[in-house]
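Chains as they are written, first to last, in our numbering: chain A, 1 to 297; chain B, 1 to 457; chain C, 1 to 327.
Note that CB positions come from ideal geometry on N, CA and C, so glycine has one too.
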């Protein structure tokens, strides 16, 4: 009996030692020299592996960040400035804080404003649909409504609104990784700065058709009339290819363009109070009157 | 007699040739036509007329925009009203030349009589040049410029011209009517193609469901005394008229992945193209019209119409009595590969072969259910692919695996989706994968070319 | 005018649907089902009824309450599982054992993998094998069939069971055969003890021919099973006829026909290509014969099919059909 126990212990011990030796030797032989900082950087990454930085995943980002001479071209949109500060600390680089971004859907062609003119009966994917034709409404630029962006979002920040038929961004969940931007075949979604206290202005339309055509297809379309550009005091708005664009860097959030837009294509988000259109219009009129007088004098 | 067919896959949809007894009739001229400058594969043509110009039928109004390009001729006589973007049947805008019709005056030098001219020019190059001047493109659906197809790259030699009269798509009958009514012209057109390719043998392939056409063409060949030309009876099977499948059936040679038919010595032209070649070479008449089958069980007035290029679809439909109330889908082309019409104001192009009306019951897709791994899609695939696998890889955006499993070989014939008992939209997804793989292959080729050029320097 | 439909091509579809294919299989199984009713009487009807009803109910309940998805019982695959399970059980099986078999077949082998098309193993066979190892008494006690119309029937062990028993006791095949009176004609017409679907061979073959004519299945898998079983047993029987049973006996006994025609050809759990299918069939045939001759269970069809089911993904990967214009 004792013999058996002794033998068992001995055999197991020897076996363990031999195997440990083998493991050690193999590990030595196949050891890969790697910068230890890669592991450290990877540890502070969010670990979403979303590809929003342009690399295959967090590990790939870490490798690239360690190799790069600075952090100018490497930015993790999900972790944001906080993560980048940690990465910079590990690598001894300087990092400039970037304004936090958010995905913005630039189409407000709701079911009501943009009636369907035919019915799509294929695989429910915007990409498949866009390969086939311009969509089931009269607008050839607008949202196709099959939710490729929703499927692309790993953070559950996008959902389709069944009433409007358009995607809605949940700002609290959006990490600005840009997956939806890539997924949208119509290039409707844009990453824009969140703005001070979440306040921002944008043109919610990308229709490049001429005014009457766009208007016929969708009541809410930007018709490229340029009233907004004329109204804007800060030269933040440009009209190119029959569609207006607000430069977030120049916009001062005065909401005058929103008040003046004849189709309601310009949206202001995150403002504490709803826009009093008439008051703003009166203010603009007054200002323009004064300017005219000044010019006459 | 044994009937030739391709070596793998294929399906047997009901052929539904309900308009086969309708003789080709001339559609009255529309008040306005809209001629697209991008109605062939390759670079869009460049308009060479200006707004306000008077044009005649057969006059060149746009010139090729590149080597793979085609002349476009006015299909009517009248005044150019505008040159502006206009939506095609899918709603996509492309440049169209709008011409208000005034009378029907043909350009000079065009022989509009019915006299059959059998004398064939001696110079192959002259034939190809005339085909180019006539704006002839492949009318079987792909609209590839014919003169490019007839100019094989150095090192490859054509061994056989195949005239594709299979018309394997259900419902379509315009090629059948053309064979019956203009058999002589088609045969002479085939002879012209033979000459252009260097006196090679020619096969006219016709599916077994068109016995009248087979008999007629045999009789015409015998009457005109062509020795080097034969009719081959094909088994009724879709996609018998697919270019690669037809070459396989006729010559027992398989065109490799990404290769052109000429790589196995074949040149395939559609029946309508052969007729267009005859018109262009013998009559100086460019493509200004083509025959269009208008059909469908729910459509009361079946017809095979000779339609001028650029006629709005709505004009054709109104002429025949309007869209029936129970029509749910209008298809430009056949039910297997045709394109659904989203915009009835779109104008016909050279390649428009049919307008098909299907009811909700005939065409509405059933809801997708689980794949039961029956393998019917793989059995049906005429390219020997595995659609169920490509569908999955495509949905996962695994383009490398798509390429490894030959998504790029897909000919989009629709057999997989047609046969899937679980109604999985296989082809919808495979098309996406194919697009990405072809894009990657092109990018690699471009990179390799750039690298080679850089190495030279 | 209604809004026009727009979809990618093709715009028409064949008449096949999952339901129509499954209905064809049910129709093909009907002759065998009727045969079992005639030979085994009302108790077989109870087993069949309980099996089909519990399979369908279970699938409905799982989709509705656990998966919260639209019900899939309309595709009739649960009906087939139920029929096959019943054909794989002796008619004397108590109803609650049948229900347990259904729970394993539908609940474990099918729905837990994600429902039709996702399962690795044939659900009915998993149910049967589960019962075979859990309730061997019920599964191997064969009592005399009481024919619906009072037809004569023989009680006792299945032929394969008797052979194994006899061999263990040292008898030769010839002695066992003459003792048990296992004539081929009896095997063809289903009046021997055993699983109810084991011996209505002609009815099963009629169903198989129907499926092949309707192009629901391709015959390669079934034929390669028959071929391999015949060949393997021919070799062994040729070596020693006193220890090994003859080919015809092996073809007709132990649910081989049922398995080869209806279980091995299940779409979901068989390879897609012809080449893969033939190898699959050869594997089943060979494994069946090995288990029968050398294993501890008298019959090996169920095990052989389940084992080969497991390698189907590999067969699908290795044996692809040739692609057009490629080597």
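Under 9 angstroms, CB to CB, which of the residues in the stretch 331-356 of chain B have a partner in chain C?
Those residues of the stretch 331-356 of chain B placed with their C-beta closer than 9 angstroms to a C-beta in chain C are 331, 333, 334, 335, 336, 337, 338, 339, 340, 341, 342, 344 and 356, ordered along the chain.
Could you tell me which residues DSSP puts in a beta bridge with residue 329 of chain B?
Taking the second chain and counting its residues from 1, one reaches residue 329 of chain B at position 329. DSSP lists B:358 as the bridge partner or partners of residue 329 of chain B.
Collapsed DSSP secondary structure at residue 277 of chain C in the structure displayed:
What you label residue 277 of chain C is simply residue 277 of the third chain in a count that begins at 1. DSSP, read as helix, strand or coil, puts residue 277 of chain C in helix.
Exposure label - residue 308 of chain B; buried when at least 16 CB within 10 Å:
Taking the second chain and counting its residues from 1, one reaches residue 308 of chain B at position 308. Residue 308 of chain B is buried by the Cβ-count criterion.
Taking only beta-carbon positions, decide if residue 423 of chain B is within less than 9 angstroms of chain C.
Residue mapping note: residue 423 of chain B aligns to position 423 of the second chain, counting from 1. The beta-carbon of residue 423 of chain B is placed less than 9 angstroms from the nearest beta-carbon of chain C.
Which ranges does the alpha helix (DSSP H) cover as unbroken runs of at least 4 residues, wholly within the stretch 2-77 of chain C, from first to last along the chain?
Here the runs fully enclosed are 18-40 and 42-61.
Classify residue 78 of chain B as helix, strand or coil using the three-state DSSP reduction.
Residue numbering aside, residue 78 of chain B sits at position 78 when the second chain is read from its first letter. Assigned with DSSP and collapsed to three states, residue 78 of chain B falls in strand.
Could one say the Cβ of residue 120 of chain A lies closer than 9 angstroms to chain C's Cβ atoms, at least one of them?
In the first chain, residue 120 of chain A corresponds to position 120, counting from 1. Yes, residue 120 of chain A counts as interfacial toward chain C.
So, with DSSP's three-state summary, where would you put residue 86 of chain B?
Along the second chain, one-based indexing puts residue 86 of chain B at 86. Here residue 86 of chain B sits in strand by DSSP.
Rounded to a whole number of angstroms, what is the C-alpha to C-alpha distance between residue 256 of chain A and residue 160 of chain A?
Residue numbering aside, residue 256 of chain A sits at position 256 when the first chain is read from its first letter. Residue numbering aside, residue 160 of chain A sits at position 160 when the first chain is read from its first letter. When rounded, the distance between both Cα atoms is 30 angstroms.
Does any residue of chain A have a CB that is nearer than 9 angstroms to the CB of residue 435 of chain B?
Indexing the second chain from 1 puts residue 435 of chain B at position 435. So, interface residue.
Which one of B:27, B:269 and B:342 has the shortest CA to CA distance from residue 161 of chain B?
In the second chain, counting from the first residue as 1, residue 161 of chain B sits at position 161. Checked all of B:27, B:269 and B:342; the closest Cα to residue 161 of chain B is B:269.
Under a three-way DSSP split, which group does residue 137 of chain A fall into?
Here residue 137 of chain A refers to the residue found at position 137 when the first chain is read from its first residue. In the three-state reduction of the DSSP assignment, residue 137 of chain A falls in the strand class.
Beta-carbon of residue 3 of chain C versus every beta-carbon of chain A: anything under 9 angstroms?
As a working note, residue 3 of chain C is residue 3 in the third chain. Put simply, the CB of residue 3 of chain C is near chain A, with a gap under 9 angstroms to one of its CB atoms.
9 angstroms Cβ cutoff, residue 448 of chain B in contact with chain C:
As a first step, residue 448 of chain B is located in the second chain; it is residue number 448 there, counting from the start. Taking CB atoms only, residue 448 of chain B has no neighbour in chain C less than 9 angstroms away.
Would you mind telling me which residues of chain A sit closer than 8 angstroms to residue 7 of chain C, beta carbon to beta carbon, in chain order?
Counting from one through the third chain, the residue named residue 7 of chain C turns up at place 7. Under the 8 angstroms cutoff, chain A gives 120, 121, 122 and 132.
Any chain B beta carbon closer than 9 angstroms to residue 125 of chain A:
For the purposes of this step, residue 125 of chain A is taken as residue 125 along the first chain, with counting starting at 1. At least one beta carbon of chain B lies nearer than 9 angstroms to the beta carbon of residue 125 of chain A.
Does the count of Cβ pairs from the stretch 111-119 of chain B and the stretch 346-359 of chain B closer than 8 angstroms reach three?
Too few Cβ pairs lie closer than 8 angstroms, so no.
Quick check on the DSSP output: the alpha helix (DSSP H) that includes residue 147 of chain B runs from which residue to which?
Stepping through the second chain from its first residue, residue 147 of chain B is reached at position 147. Here the alpha helix (DSSP H) through residue 147 of chain B covers 146-149.
Of the residues C:102, C:11 and C:32, the one placed nearest residue 257 of chain C, counting alpha carbons only:
For this step, residue 257 of chain C is matched to residue 257 along the third chain. If we check each option's Cα against that of residue 257 of chain C, C:32 comes out closest.
Under 6 angstroms Cβ to Cβ from residue 232 of chain A, same chain only, skipping five residues before and after it: list those, please.
Taking the first chain and counting its residues from 1, one reaches residue 232 of chain A at position 232. Cβ neighbours of residue 232 of chain A beyond the five flanking positions: 257.
Bridge partners - residue 165 of chain B, DSSP secondary structure assignment
Counted from its first residue, the second chain places residue 165 of chain B at position 165. Answer by DSSP bridge pairing, in chain order: B:206.
Cβ distance (whole Å) where residue 138 of chain A is taken to contact residue 219 of chain A below 8 angstroms
Numbered from 1 along the first chain, position 138 holds the residue referred to as residue 138 of chain A. Numbered from 1 along the first chain, position 219 holds the residue referred to as residue 219 of chain A. About 11 angstroms separates the two Cβ atoms, so there is no contact after all.
Based on the DSSP output, what are the partners of residue 158 of chain A in its beta bridges?
Along the first chain, one-based indexing puts residue 158 of chain A at 158. A:169.
Using a Cβ-Cβ distance cut-off of 9 angstroms, determine whether residue 326 of chain B contacts chain A.
As a position in the second chain, residue 326 of chain B is number 326, starting the count at 1. It does not: the Cβ of residue 326 of chain B has no partner Cβ on chain A nearer than 9 angstroms.
For residue 41 of chain C and chain B, any beta-carbon pair shorter than 9 angstroms?
On the third chain, residue 41 of chain C is found 41 positions in, with the first residue counted as 1. Not one chain B Cβ lies under 9 angstroms of residue 41 of chain C.
CA nearest to the CA of residue 250 of chain B, picked from B:409, B:205, B:282 and B:217
Position 250 of the second chain, counted from the first residue, corresponds to residue 250 of chain B. Relative to the Cα of residue 250 of chain B, the nearest Cα in the group B:409, B:205, B:282 and B:217 belongs to B:205.
Would you say residue 392 of chain B lies against chain C (beta-carbon separation less than 9 angstroms)?
Locating residue 392 of chain B in the second chain gives position 392, where the first residue counts as 1. Proximity of residue 392 of chain B to chain C, defined by a Cβ-Cβ separation below 9 angstroms, is not satisfied.
Any C-beta of chain C within less than 9 angstroms: which residues of the stretch 142-169 of chain A qualify?
Those would be none; no residue qualifies.
Tell me the DSSP secondary structure of residue 382 of chain B in three-state form.
As a working note, residue 382 of chain B is residue 382 in the second chain. Correct three-state label for residue 382 of chain B: coil.
Comparing C-alpha positions only, which one of B:279, B:58 and B:255 sits nearest to residue 324 of chain C?
Translated into the one-based positions of the third chain, residue 324 of chain C becomes position 324. For the residues B:279, B:58 and B:255, the minimum Cα distance to residue 324 of chain C belongs to B:255.
For residue 191 of chain B, three-class secondary structure by DSSP
Locating residue 191 of chain B in the second chain gives position 191, counting from the first residue. Three-state result, residue 191 of chain B: helix.
Considering only the beta carbon of each residue, do residue 308 of chain C and residue 280 of chain C sit closer than 9 angstroms?
What you label residue 308 of chain C is simply residue 308 of the third chain in a count that begins at 1. What you label residue 280 of chain C is simply residue 280 of the third chain in a count that begins at 1. In this structure, residue 280 of chain C lies closer than 9 angstroms to residue 308 of chain C by Cβ.
Got a sec: is the Cβ-Cβ distance from residue 359 of chain B to anything in chain A below 9 angstroms?
The residue you call residue 359 of chain B lines up with position 359 of the second chain. No, residue 359 of chain B does not count as interfacial toward chain A.
For residue 84 of chain C, count the other beta carbons within 10 Å of its own beta carbon; 16 or more makes it buried, fewer makes it exposed. Which is it?
Against the third chain, residue 84 of chain C aligns to sequence position 84. Buried, since its Cβ has 16 or more Cβ neighbours within 10 Å.
Compute the Euclidean distance between the alpha carbons of residue 134 of chain B and residue 452 of chain B, then round it to the nearest angstrom.
Working through the second chain from its first residue, we reach residue 134 of chain B at position 134. Working through the second chain from its first residue, we reach residue 452 of chain B at position 452. The C-alpha of residue 134 of chain B lies about 38 angstroms from the C-alpha of residue 452 of chain B.
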